[in-house]
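Asks:
In the numbering used here, the protein residues as written are 1 to 331.
(1) Tell me, which residues are paired with residue 206 by DSSP?
(2) Got a sec? Which residues, its chain only, sit under 8 angstroms from residue 195 by beta carbon, not counting five neighbours each side?
(3) For the region 218-300, list the alpha helix (DSSP H) runs that are entirely contained and at least 4 residues long, ordered along the chain.
(4) So, at 7 angstroms on beta carbons, what are the nonlocal neighbours of residue 324 in its own chain, with the 5 sequence-adjacent residues on each side left out?
(5) Between the beta-carbon of residue 241 and the beta-carbon of residue 280, is there less than 8 angstroms?
(6) Report buried or exposed for residue 262, applying the criterion of at least 16 other Cβ atoms within 10 angstroms of its Cβ.
(7) Do the region 250-262 and the region 217-227 make contact, defined as three or more Cβ pairs closer than 8 angstroms?
(8) Taking residue 315 as the reference, which of 129, 306, 206 has the closest Cα?
(9) Can the beta-carbon of residue 333 be found less than 8 angstroms from the beta-carbon of residue 60?
(10) Using DSSP with H/G/I as helix, E/B as strand and the rest coil, what is residue 195?
(11) From the DSSP output, in three-state form, read off residue 80 for me.
(12) For residue 83, does the count of other Cβ atoms within 10 angstroms reach 16, so buried, or fall short, so exposed?
(13) With distances taken from CA atoms, which of 21, 42, 51 is nearest residue 9?
(14) Hey, would you say residue 290 sits closer than 8 angstroms to residue 278, going by beta carbons?
(15) Measuring alpha carbon to alpha carbon, tell me which residue in 11, 245, 268, 64 is nearest residue 151.
(16) Ordered along the chain, which non-local residues of its own chain (more than five positions away) have a Cβ less than 6 angstroms from that of residue 39?
(17) Excluding the five sequence neighbours on either side, which residues of its own chain have a C-beta within less than 7 angstroms of the C-beta of residue 110, listed in chain order?
(18) Would you kindly report the start and end of the unbroken alpha helix (DSSP H) that includes residue 319?
(19) By how many angstroms is the C-alpha of residue 182 removed from the C-alpha of residue 116?
(20) Could you pull the DSSP bridge partners for residue 113 from this structure?
(21) From this set, 127, 306, 44, 75, which residue's C-alpha is nearest residue 165's C-alpha?
(22) For residue 310, I'd like the list of residues in its chain whose CB is within less than 6 angstroms of its CB, leaving aside the five on either flank, ordered along the chain.
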């Protein structure tokens with residue numbers, strides 16, 4: 001096993017708007033939201049120096065996914081001379097280095113191989129709260145919106161990325177923190193980065209959920225019903241869709257604002273600009289507290305007077321895609 005990994009390779013991005021393109025040199029393969037202020041969030045990435053470090057993640061306890069994880073790890077190490085990091089559970093019996101054994105591993109990874117389905121990408125998202133390296137999403141036997149590559153084609157797809165240039169789709173993420181009543185600062189350790197959505201609902205209580213909502217501190221409306229979904233365009237085909245929200249192409253930068261079973265005929269799902277700072281507060285006249293979930297995890301209670309504050313994260317999650325992925329999304 002490699003004792004310590006070198007720094008991540010440098011990479012150059014070709015950012016294209018409808019009428020022009022420009023090349024931008026990136027620091028340690030970091031892709032930031034600032035780069036994609038234009039309507040087009042796709043970019044062609046090109047290595048300035050050869051990549052050396054790869055992180056392999058997947059559904060470790062799924063036999064098919066585990067078999068591909070083994071195959072890809074050995075192939076990258078022996079055939080491509082790559083430094084390979086694997087999940088800690090896999091490291092114990094494979095001879096590869098577990099990701100938690102490498103200090104500051106997030107800053108050293110050149111690209112990620114994610115094997116499984118969309119849930120694997122949510123796990124990748126949870127590991128990287130800041131800069132995210134390009135992710136190659138492979139599916140293994142399950143329906144997936146984001147994992148577009150067949151795992152059986154891993155050699156040709158990974159070689160396409162290693163040789164470059166390769167196309168990525170920057171999937172916007174949302175950053176949330178909790179602010180308790182009487183405080184003007186975020187609660188410690190309450191920051192969550194979501195790829196799909198944050199859900200605020202009535203949790204285990206059977207009572208109606210009441211929430212006051214603000215955009216840039218301007219009162220918008222009071223939500224009364226089963227709760228509220230605040231999501232990304234990537235998450236538009238998840239819980240948002242089941243709750244009656246719009247399907248939004250992942251190239252569209254926006255924040256989805258979708259009520260869950262609202263007790264209203266006038267409040268419908270809306271999409272707000274990515275520059276908005278959203279605040280959701282549990283009012284003092286609410287029947288009970290509310291609960292927040294972030295990509296289905298970290299169940300957190302919001303008491304009366306508490307707020308959940310969300311905004312667009314500076315760091316999207318770039319997934320490797322087919323250059324014609326727009327056609328693929330519609331199919």
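For each residue, glycine too, the CB sits at the ideal point set by N, CA and C.
Replies: In short, the structure shows the following:
(1) According to DSSP, residue 206 bridges with nothing at all.
(2) So the list reads 121, 122, 125, 171, 173, 232, 234, 235, 295, 317, once near-sequence residues are dropped.
(3) The region 218-300 contains these whole alpha helix (DSSP H) runs: 239-242.
(4) Setting aside the 5 residues that flank it on each side, residue 324 has no residue in the same chain whose C-beta is closer than 7 angstroms to its C-beta.
(5) In this structure, residue 280 does not lie closer than 8 angstroms to residue 241 by Cβ.
(6) Buried, since its Cβ has 16 or more Cβ neighbours within 10 Å.
(7) Flag = yes, the region 250-262 and the region 217-227 touch.
(8) When 129, 306, 206 are compared, the shortest CA-CA separation from residue 315 is found for 129.
(9) In the structure as shown, the chain starts at 1 and stops at 331, and residue 333 therefore has no counterpart that could be examined.
(10) In the three-state reduction of the DSSP assignment, residue 195 falls in the coil class, being assigned neither a helical nor a strand state.
(11) Looking at residue 80 - three-state DSSP - the assignment turns out to be coil, as it is neither helix nor strand.
(12) Result: buried.
(13) Minimum Cα-Cα distance from residue 9 among the listed residues 21, 42, 51 corresponds to 51.
(14) Not in contact: residue 290 and residue 278 (Cβ atoms no closer than 8 angstroms).
(15) Among 11, 245, 268, 64, the Cα nearest to that of residue 151 is on 64.
(16) Note that residue 39 scores 46 on pLDDT, short of 50, meaning its location in the model is unreliable; the coordinates nonetheless yield the value given after this. Cβ neighbours of residue 39 beyond the five flanking positions: none.
(17) Answer for residue 110: 8, 9, 29, 51, 52, 53, 54, 133, listed in chain order.
(18) Looking at the DSSP string, residue 319 is not in any alpha helix (DSSP H); the run it does join, the beta strand (DSSP E), is 317-320.
(19) Straight-line spacing of the CA atoms in residue 116 and residue 182 works out to 44 angstroms.
(20) In the DSSP output, where bridge partners are listed per residue, residue 113 has 56, 136.
(21) Of 127, 306, 44, 75, the residue nearest in Cα terms is 44.
(22) Only 174, 176, 230, 278 meet the Cβ criterion.
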